[in-house]
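> Protein sequences, first through last, are from chains X and H.
Counting from 1, one number per residue, gives the positions in the first sequence under the numbering used here.
Counting from 1, one number per residue, gives the positions in the second sequence under the numbering used here.
Structure in C-alpha cells, see below.
Protein chains: 2
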Amino acid sequence: MAEKVTIATVARHARVSRQTVSNVINAPHIVREETRARVQEAIDALGYRANQAARQMRTGRSRLIAVRIEPTRDGINGSVLDRFLHGLTEAAEAAGYRTMLYTAADVEREIAAYDDLLSAYDLDGFVLTGTHHGDPRTAWLAARGVPFVTFGRPWDTPEAHPWVDVDGAAGTAEATRHLLARGHRRIGFLGWPTGSGVGDDRRSGWSQAMRAAGIEPSGWHRETEDGIAEGERLMRELLATAEPPTAVICASDSLALGALQVARAADPAVAVIGFDDTPVAAAVGLTSVSQPLGEAAARCVELLTAVLDGTHRTTDHVLLQPALVPRHTA
Amino acid sequence: MAEKVTIATVARHARVSRQTVSNVINAPHIVREETRARVQEAIDALGYRANQAARQMRTGRSRLIAVRIEPTRDGINGSVLDRFLHGLTEAAEAAGYRTMLYTAADVEREIAAYDDLLSAYDLDGFVLTGTHHGDPRTAWLAARGVPFVTFGRPWDTPEAHPWVDVDGAAGTAEATRHLLARGHRRIGFLGWPTGSGVGDDRRSGWSQAMRAAGIEPSGWHRETEDGIAEGERLMRELLATAEPPTAVICASDSLALGALQVARAADPAVAVIGFDDTPVAAAVGLTSVSQPLGEAAARCVELLTAVLDGTHRTTDHVLLQPALVPRHTA
DNA sequence: TTGTAAGCGTTATCAA
DNA sequence: TTGATAACGCTTACAA
C-alpha cells in the first residue's frame, strides 16, 4: 500500500504552504506562474490527487451524480436503459463527475433513496428516467432544490425542470410514412393504454401521419401492457377484423416481436416496425425506430452540470430526433 | 432545502454528548439502554443520517465499491454484464454498500482509473469482470493490497484472490448430453480461439462429454472472434465438410444466432444451442445455457464484504453451475 | 456509562 | 502573491 500523499506532502515538496497548493488546483490564476509550475511539478511527481471526502466537507459538493438502475426486467426493454446508462457514465466522467447507482422497488422507496443519498453521500444531482404523469419524484426533488435532469419529458408541466427526451411521435410518423411510401394504406398501431405519456406520444405520430395522408386510422389500433405475448395476442386480434392491416407499427420492440410471430405466418406477410432498435431487433431483422441514447445521455450530463457549475440555470430542455432503421420486416 | 442535521443536532435534541450519539450508531452495546432509546428516538425524529464524507475521513472507509461498465458493445453479449451489474447493485445495497461506476477504454486506463478512484474517492473495493490469462489488473490491485473480487476465475493462479465464476464446461457438457440424448452423434462446436480461458473452458465441456460418449469430436470444431456474422460463416464451413454435424453448440448467443440463420436453412435443420441465455435467445427461441448472474453478483458482494468487514480473509472462491434452457432450436 | 479533546484533508477567510 | 487559522462532521483515545 503506497504512502498517502496529501496536500501537505505536496506543500513540503514544493516548499510552499498548503493553501498555495490548493490555489494551484482550484484557482491557478491567482498564483505566480513560477510558483504554480513548481507546485504542479510536485503534484505530478508525487501523483497527488485531492481527496474528495475532505474536499466535499469543505465545499459541500461531491462531484457525484446518481442514477437508478432498474431491477432486472424484461431483458428487451431493459436494454434501452442499460445503453443510456453506459452513455451517461462516459459523459459524466468526461465532465469530471462519477456515477453512483441505486435501486428502488417503487416510487416511495426511490424517494427514500434520494433522502439517503443526499444526506449520507451529499450527491450533487440526479438523473431520472421514465417520467410519467404526476411523477412525485420530480416534485420531491424540486421542493428541496436538488438539481436534477430527467430523460423523459415532464408530461404535466413542460417548464418545471431541465429535461432531455426523444421525439417519439416523430419516430412513429417516420415509420408510418415509410410504410405509406411502400404502398401500405391499412397501417395498424399496437401500443400501451392511454395515459402513459410515452405511449400516447408514440401513438399520436402514427395517427397524425395517417390523417396527413388522408386515411382515418381508427379501428387499426389496439392497446395493452408491454410484452411479447401481448404483442402476439393483439396482432391476432387485429388480423381477425374485417379490414385487417397490411402493416403494423408497435410502441416497443417487445410488442413488435410478438406481432412478428403472427405477422410472418399471415398470408401475405404483414409488415412490422418496432420501437427502440434493441439488440433483439437487430438480431431478428426487425425494422425499428432508433433512439439516440448516447446523445441523450450526453445532453443530460450537459444540462445537469450546467446547473451544478452555475453556468446557466435556465430550465433548458432538449428534444432529440429518432431515426428509422429499415431491416427485413418492413 | 431542509436544514442540515448533524450529530450535534441529535445530541442537543437527546440531551447527550455527540460522542454518545456516535456510540449509539457504531457501538450500541456500550450505551445504557435507556439512553440508547432516547437517542435513537431523536435520530428517527430528525431523520438523521451520518455523513459519509466525514465518517470516511476518520475511518478511511467509504462503503463504496466500484465496478466497470463497458463501453456500449455488441448489445447481445453486453446484456450479460448488464444483468450482472443489476444484481451487484442490489446485493451491495443490501450489504450497506453503494456502487460506483467507471469506464475504461483499455487495461492501462483501467488501472489509471483504479488509482484515481482509490486516492480521490477512497474506494473500499473493486469487482472485476472478464479476467483473462496474465491479467495485469489483478496483479496491480493485489500488489497494493486493495480488496477485490473477480467475476471470472484467475486463469493462471487459482488461489490468488477471491473469485466467483460459472462452470462453463459443465454447461456445454450438459448441452452436449442433451443433444446426445436426442440421438445426435455428430455434434459440432463453434468457439473462440484457443487461449481465452472462458472459451477453452466452454469447449472442453463439449469435447469431454463427446469422448465420454465414445465419440471423437475432432473435426467438428471451428473457432473465431465473437459475432453474428462470424457464427454464420463458421456454420457454413462446418456444413460444407464431408461429415457435417447434425447439431452445434456455440460459445455465445451471438455465434449461435449467426449459426441459426444457416442451420435453419439446412435440410434437415441443424440443432443449435447457444450460451448465456440472453434476451435475444429467449426472443428467437434459441436453446441456450443460462448463467445464474444474480447469484454470481450476490456471491461477489458476499466475498468482498467478508474481506472488507474482516469477517474472514481467506481467498475463498465460488463456482456456480449453469443450467440449460431448452427452447425450439434443440 | 458518558463527556472532552484531537485530528482526518481540504478550502474560505483574512492578514501579512 | 502567499501563508496562518479555522472549520466542515465524524470517530478514536482517553479522562471523568
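For every residue, glycine included, the Cβ atom is placed at its ideal position computed from N, Cα and C.
In angstroms, rounded to a whole number, what distance separates the CA positions of Asp44/X and Gly60/X?
Residue mapping note: residue 44/X aligns to position 44 of the first sequence, counting from 1. Residue mapping note: residue 60/X aligns to position 60 of the first sequence, counting from 1. Going by the C-alpha atoms only, they are around 26 Å apart.
> From Arg68/H, Leu85/H, Thr6/H, Pro322/H, pick the residue whose C-alpha is nearest to that of Gly47/H; which is it?
For the purposes of this step, residue 47/H is taken as residue 47 along the second sequence, with counting starting at 1. Comparing Cα positions, the closest option is Thr6/H.
> Determine, using beta carbons only, whether Ser119/H and Arg63/X come nearer to each other than 8 Å.
As a position in the second sequence, residue 119/H is number 119, starting the count at 1. As a position in the first sequence, residue 63/X is number 63, starting the count at 1. No, they are not a contact pair.
> If I measure Cβ to Cβ from Ala269/H and keep anything under 8 Å in the same chain, skipping five residues before and after, which residues do I get?
For this step, residue 269/H is matched to residue 269 along the second sequence. Closer than 8 Å at the Cβ level, and outside the excluded window around Ala269/H, lie Ala263.
> Under three-state DSSP, which class holds Pro132/X?
Numbered from its first residue, the first sequence carries residue 132/X at position 132. The sequence shown places His at residue 132/X, not Pro. For His132/X, the three-state secondary structure derived from DSSP is coil.
> Please check if any C-beta of chain H sits within less than 8 Å of the C-beta of Ala11/X.
Position 11 of the first sequence holds residue 11/X. No, because no Cβ of chain H sits closer than 8 Å to the Cβ of Ala11/X.
> Three or more C-beta pairs closer than 8 Å, one from the stretch 296 to 305 of chain X and one from the stretch 161 to 177 of chain X: is that the case here?
yes
> Just the chain H side, please: which residues come within less than 7 Å of Leu257/X by C-beta, in chain order?
On the first sequence, residue 257/X is found 257 positions in, with the first residue counted as 1. Ala283, listed in chain order.
> At what residues does the beta strand (DSSP E) containing Arg222/X begin and finish?
By 1-based counting over the first sequence, the position of residue 222/X is 222. 221 to 223 is the span of the beta strand (DSSP E), which, as asked, contains Arg222/X.
> To test your reading of the DSSP string, which unbroken beta strand (DSSP E) runs of 3 or more residues are found completely within the stretch 226 to 313 of chain X?
247 to 250, 271 to 275, 287 to 290
> Report the CB separation of Thr99/H from Ile65/H in whole angstroms; it is logged as a contact under 8 Å.
Residue numbering aside, residue 99/H sits at position 99 when the second sequence is read from its first letter. Residue numbering aside, residue 65/H sits at position 65 when the second sequence is read from its first letter. Contact flag correct, Cβ pair sits at about 6 Å.
> In this structure, how does DSSP classify Ala323/X when only helix, strand and coil are distinguished?
For the purposes of this step, residue 323/X is taken as the residue at position 323 of the first sequence. Note: Ala323/X maps to strand in three-state DSSP.
> Please classify Ile187/H: does DSSP put it in a helix, a strand, or coil?
Reading the second sequence from its first residue, position 187 is the one you call residue 187/H. Strand, per DSSP.
> Pairing CB atoms from the stretch 179 to 194 of chain H with CB atoms from the stretch 240 to 251 of chain H, are three or more of them under 8 Å?
yes
> With a threshold of 7 Å (Cβ to nearest heavy atom), would Val270/X be considered close to the ligand NAP?
Summarising the ligand content, the structure contains no ligands, and the ligand NAP is consequently not present.
> Below 8 Å between beta carbons is the criterion; list the residues of the stretch 72 to 102 of chain X that meet it against any residue of chain H, in chain order.
Residues of the stretch 72 to 102 of chain X whose Cβ lies closer than 8 Å to any Cβ of chain H, in chain order: Thr72, Asp74, Gly75, Ile76, Gly78, Ser79, Asp82, Arg83, Leu85, His86, Gly87, Thr89, Glu90, Glu93, Arg98, Thr99, Met100, Leu101, Tyr102.
> Considering only their Cβ atoms, is the gap separating Val280/X from Leu257/X smaller than 8 Å?
Sequence index remark: in the first sequence, residue 257/X carries index 257 (1-based). Sequence index remark: in the first sequence, residue 280/X carries index 280 (1-based). Yes. Within cutoff.
> Mind checking who Ala66/X pairs with in its DSSP beta bridge?
Within the first sequence, the letter at position 66 stands for residue 66/X. Looking at the DSSP assignment, Ala66/X forms a beta bridge with Met100/X, Phe126/X.
> When you check each C-beta in the stretch 32 to 57 of chain X against every C-beta of chain H, which residues fall closer than 7 Å?
Arg49, Ala50, Asn51, Gln52, Ala53, Ala54, Gln56, Met57
> Quick test of your reading: Arg222/X and Glu237/X, contact by CB under 8 Å. State the CB separation rounded to the nearest angstrom.
Counting from one through the first sequence, the residue named residue 222/X turns up at place 222. Counting from one through the first sequence, the residue named residue 237/X turns up at place 237. Going by Cβ atoms, the distance from Arg222/X to Glu237/X rounds to 6 Å, so yes, they are a contact pair.
> Where does His328/X sit, in a helix, a strand or coil, going by DSSP?
Counting from one through the first sequence, the residue named residue 328/X turns up at place 328. The answer is coil: DSSP assigns His328/X none of H, G, I, E or B.
> Please name the residue in Thr131/H, Gly152/H, Ala42/H, Val127/H whose C-alpha comes closest to that of Val146/H.
On the second sequence, position 146 is the one that residue 146/H refers to. Taking only the C-alpha atoms, the option nearest Val146/H is Val127/H.
> Please state the DSSP three-state secondary structure of Trp163/X.
Here residue 163/X refers to the residue found at position 163 of the first sequence. Correct three-state label for Trp163/X: strand.
> Leaving out the 5 sequence neighbours to the left and right, which residues in its chain are closer than 6 Å to Thr305/H when beta-carbon positions are compared?
Mapped onto the second sequence, residue 305/H falls at position 305. So the qualifying residues of the chain are Ala95.
> Just confirm the distance between the C-beta atoms of Ala14/X and Val31/X, as a whole number of angstroms; I'd bet it's less than 8 Å.
Within the first sequence, the letter at position 14 stands for residue 14/X. Within the first sequence, the letter at position 31 stands for residue 31/X. At roughly 11 Å, the Cβ-Cβ gap does not stay under 8 Å, so Ala14/X and Val31/X are not in contact.
> Please tell me whether Thr331/H and Val325/H are closer than 8 Å, where the distance is taken between their beta carbons.
It is not possible to answer for residue 331/H, since the shown part of chain H is limited to 1 through 330.
> Can a CB atom of chain H be found closer than 8 Å to the CB of Tyr121/X?
In the first sequence, residue 121/X corresponds to position 121, counting from 1. Yes, Tyr121/X counts as interfacial toward chain H.
> Would you say Val280/H reaches chain X, if we count a Cβ-Cβ gap shorter than 8 Å as a contact?
Position 280 of the second sequence, counting from 1, holds the residue named residue 280/H. True, the Cβ-Cβ gap to chain X drops below 8 Å.
> Which residues bound the beta strand (DSSP E) around Thr150/X?
Taking the first sequence and counting its residues from 1, the one referred to as residue 150/X is at position 150. Annotation: the continuous beta strand (DSSP E) that includes Thr150/X extends over 148 to 151.
> Any contact between the stretch 204 to 213 of chain H and the stretch 167 to 183 of chain H? By contact I mean 3 or more CB pairs, one from each, below 8 Å.
yes
> Are the beta-carbon atoms of Val166/X and Leu320/X separated by less than 8 Å?
In the first sequence, residue 166/X corresponds to position 166, counting from 1. In the first sequence, residue 320/X corresponds to position 320, counting from 1. In this structure, Leu320/X lies closer than 8 Å to Val166/X by Cβ.
> Determine the direct distance from the alpha carbon of Arg68/H to that of Phe151/H, and round the result to whole angstroms.
As a first step, residue 151/H must be located in the second sequence, where it is residue number 151. As a first step, residue 68/H must be located in the second sequence, where it is residue number 68. So the two alpha carbons sit approximately 12 Å from each other.
> Classify Val80/X as helix, strand or coil using the three-state DSSP reduction.
Taking the first sequence and counting its residues from 1, the one referred to as residue 80/X is at position 80. In the displayed model, Val80/X falls within a helix according to three-state DSSP.
> Roughly how many whole angstroms lie between the Cα atoms of Gly227/H and Gly78/H?
In the second sequence, residue 227/H corresponds to position 227, counting from 1. In the second sequence, residue 78/H corresponds to position 78, counting from 1. Computed Cα separation, rounded: 12 Å.
> Can you tell me the Cβ-Cβ gap for Ala209/H and Arg177/H, rounded? I've got them flagged as a contact below 8 Å.
What you label residue 209/H is simply residue 209 of the second sequence in a count that begins at 1. What you label residue 177/H is simply residue 177 of the second sequence in a count that begins at 1. Yes, they are in contact, since the Cβ atoms of Ala209/H and Arg177/H sit about 6 Å apart, within 8 Å.
> Expressed to the nearest angstrom, what Euclidean distance is found between the alpha-carbon atoms of Ala42/X and Val10/X?
Locating residue 42/X in the first sequence gives position 42, where the first residue counts as 1. Locating residue 10/X in the first sequence gives position 10, where the first residue counts as 1. Those two C-alpha atoms are separated by around 6 Å.
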